[in-house]
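Protein chains in written order, with the numbering used here: chain P, 32 to 177; chain R, 32 to 177.
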């Protein structure tokens with residue numbers, strides 16, 4: 032992994048109110064990232080970035096994450112074609128979470144073929160209910176699982 | 032901490048396509064939780080729940096988290112009065128992230144007094160810019176910091 036190109040962290044107040052990007056990466060070198068649809072606001076997925084992924088996302092305007100299972104950078108859409116064009120990148124108060132909003136032309140965010148990874152709601156009795164609409168692609172075709 | 036009241040995890044396919052809630056808590060007993068405004072879709076904050084917080088959120092309809100800094104359950108709004116009434120609870124494909132949408136009457140989500148914790152955007156040159164509007168409360172009054 033490349034060295035962290037971002038500013039070293041300064042004081043609590045400077046981190047929360049200042050205008051310097053000082054992302055806090057965990058012991059594993061990763062920061063949480065929420066991806067939402069720039070137009071509807073719908074939350075599409077939750078993933079992680081390392082410093083290189085965040086730098087690339089800022090510089091290229093294409094959402095780039097770090098895949099914990101594959102242990103490598105992951106340019107969203109590399110395999111499925113559903114590239115995420117960045118509309119806006121935000122950081123939370125203590126700069127340990129990134130929120131990116133992406134262009135709504137992007138198809139399915141979820142590897143299961145749904146628009147959003149959050150395609151099931153929790154009912155009050157603890158059962159789940161599908162709310163994610165139709166699948167936009169068949170994962171077994173796109174990812175050639177079979 | 033109480034024992035986990037949720038189902039034990041079953042197969043990968045059952046977790047991703049089934050209709051049983053099988054949340055995956057980390058080694059620290061916590062699951063990531065995204066909170067968004069039910070009407071606008073705006074992401075308000077990112078926090079954590081333990082099994083008890085998730086159970087209480089489902090049962091009471093009030094957002095309840097687990098505070099890592101205070102090491103205890105945290106009913107949102109206990110101190111500030113900005114209770115979050117739940118509109119919908121969702122779970123992601125592999126059931127390791129919870130998404131709750133909350134009633135938009137809720138005031139500021141952020142301890143800094145802003146509507147959302149994501150009150151700064153990252154510019155392409157890596158500087159930050161305030162985009163969060165006016166503060167809805169003064170944290171030093173609400174939390175009596177001074």
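The C-beta atom is built at its ideal place from N, Cα and C for all residues, glycine as well. The structure presented is a predicted model; accordingly, all values stated were derived computationally and were not measured.
- Message: Can you look up residue 50/R in the DSSP assignment and give me helix, strand or coil?
- Response: To locate residue 50/R, count along the second chain from 1; it is residue 19. Of the three classes helix, strand and coil, the one that applies to residue 50/R here is coil, per DSSP.
- Beta carbon of residue 133/P, beta carbon of residue 151/R: below 9 Å? Residue mapping note: residue 133/P aligns to position 102 of the first chain, counting from 1. Residue mapping note: residue 151/R aligns to position 120 of the second chain, counting from 1. Taking 9 Å as the Cβ cut-off, residue 133/P and residue 151/R do not qualify as a contacting pair.
- Task: Quick one: which residues of the region 149-171 of chain R get their C-beta closer than 8 Å to a C-beta of chain P? List them in chain order.
- Result: 149, 150, 151, 152, 153, 155, 157, 158, 159, 160, 161 and 162
- Item | Endpoints, beta strand (DSSP E) assigned at residue 133/R | For the purposes of this step, residue 133/R is taken as residue 102 along the second chain, with counting starting at 1. First-last of the beta strand (DSSP E) with residue 133/R: 128-133.
- Query: Does DSSP put residue 61/R in a helix, in a strand, or in coil?
  - Reply: By one-based count along the second chain, residue 61/R stands at place 30. Residue 61/R falls in the coil class under three-state DSSP.
- Determine the extent of the alpha helix (DSSP H) in which residue 172/R is found, giving its start and end residues. In the second chain, counting from the first residue as 1, residue 172/R sits at position 141. 170-173 is the span of the alpha helix (DSSP H), which, as asked, contains residue 172/R.
- Message: Helix, strand or coil, according to DSSP, for residue 142/P in the structure here?
- Response: One-based indexing of the first chain puts residue 142/P at position 111. In this structure, residue 142/P counts as coil in the three-state DSSP scheme.
- Find the nearest neighbour of residue 159/R within the set 48/P, 43/P, 127/P and 67/P, judged by alpha-carbon distance. Against the second chain, residue 159/R aligns to sequence position 128. The residue with the shortest Cα to Cα distance from residue 159/R is 48/P.
- At a Cβ threshold of 9 Å, is residue 68/R touching chain P? What you label residue 68/R is simply residue 37 of the second chain in a count that begins at 1. Judged by the 9 Å Cβ criterion, residue 68/R is in contact with chain P.
- Message: Can you find the residues in the same chain that come closer than 8 Å, C-beta to C-beta, to residue 146/R, ignoring five residues on each side of it along the sequence?
- Response: Position 115 of the second chain, counted from the start, is the residue given in the question as residue 146/R. Result list for residue 146/R: 73, 75, 138, 139, 140, 163, 164 and 167, in chain order.
- Hey, how far is the Cα of residue 111/R from the Cα of residue 143/R? Translated into the one-based positions of the second chain, residue 111/R becomes position 80. Translated into the one-based positions of the second chain, residue 143/R becomes position 112. Roughly 11 Å between the two C-alpha positions.
- Distance, residue 63/P Cα to residue 67/R Cα: Numbered from its first residue, the second chain carries residue 67/R at position 36. Numbered from its first residue, the first chain carries residue 63/P at position 32. Their Cα atoms are separated by approximately 16 Å.
- Task: Name the residue from 58/R, 51/R and 161/R whose alpha carbon lies nearest to the alpha carbon of residue 119/P.
- Result: Reading the first chain from its first residue, position 88 is the one you call residue 119/P. Per the Cα distances, 161/R.
- Query: How about residue 138/R: is its C-beta nearer than 9 Å to some C-beta of chain P?
  - Reply: To locate residue 138/R, count along the second chain from 1; it is residue 107. No, no contact with chain P.
- Message: Is it buried or exposed, residue 103/P, if we count other Cβ atoms within 10 angstroms and call 16 or more buried?
- Response: For the purposes of this step, residue 103/P is identified with residue 72 of the first chain, where counting begins at 1. That one is exposed.
- Message: Under 9 Å, Cβ to Cβ, is there at least one residue of chain R near residue 106/P?
- Response: Residue numbering aside, residue 106/P sits at position 75 when the first chain is read from its first letter. By this cut-off, residue 106/P is not an interface position.
- Cα separation between residue 79/R and residue 171/P? The count along the second chain starts at 1 and reaches residue 79/R at position 48. The count along the first chain starts at 1 and reaches residue 171/P at position 140. Distance between the alpha carbons of residue 79/R and residue 171/P: 33 Å.
- Query: Is there a Cβ from chain R that is less than 9 Å from the Cβ of residue 33/P?
  - Reply: On the first chain, position 2 is the one that residue 33/P refers to. Legend: pLDDT at residue 33/P = 48, less than 50; position of this residue unreliable, no value from coordinates given.
- Do you know offhand how far residue 61/R's Cα is from residue 40/R's? Walking along the second chain from the start, residue 61/R turns up at place 30. Walking along the second chain from the start, residue 40/R turns up at place 9. When rounded, the distance between both Cα atoms is 15 Å.
- Query: So which residues of chain P does residue 77/R contact, with C-beta pairs closer than 7 Å?
  - Reply: Numbered from its first residue, the second chain carries residue 77/R at position 46. Within chain P, the residues near residue 77/R are 63, 65, 123 and 128.
- Query: CA-CA distance, residue 97/R and residue 59/R?
  - Reply: Numbered from 1 along the second chain, position 66 holds the residue referred to as residue 97/R. Numbered from 1 along the second chain, position 28 holds the residue referred to as residue 59/R. Cα to Cα, residue 97/R sits roughly 11 Å from residue 59/R.
- From the DSSP output, in three-state form, read off residue 67/P for me. The count along the first chain starts at 1 and reaches residue 67/P at position 36. Strand, per DSSP.
- Drop a sphere of 10 angstroms on the beta-carbon of residue 46/P, count the other beta-carbons inside from all chains shown, and report buried for 16 or more, exposed for fewer. For the purposes of this step, residue 46/P is taken as residue 15 along the first chain, with counting starting at 1. Buried, because 16 or more other Cβ atoms sit within 10 Å of the Cβ of residue 46/P.
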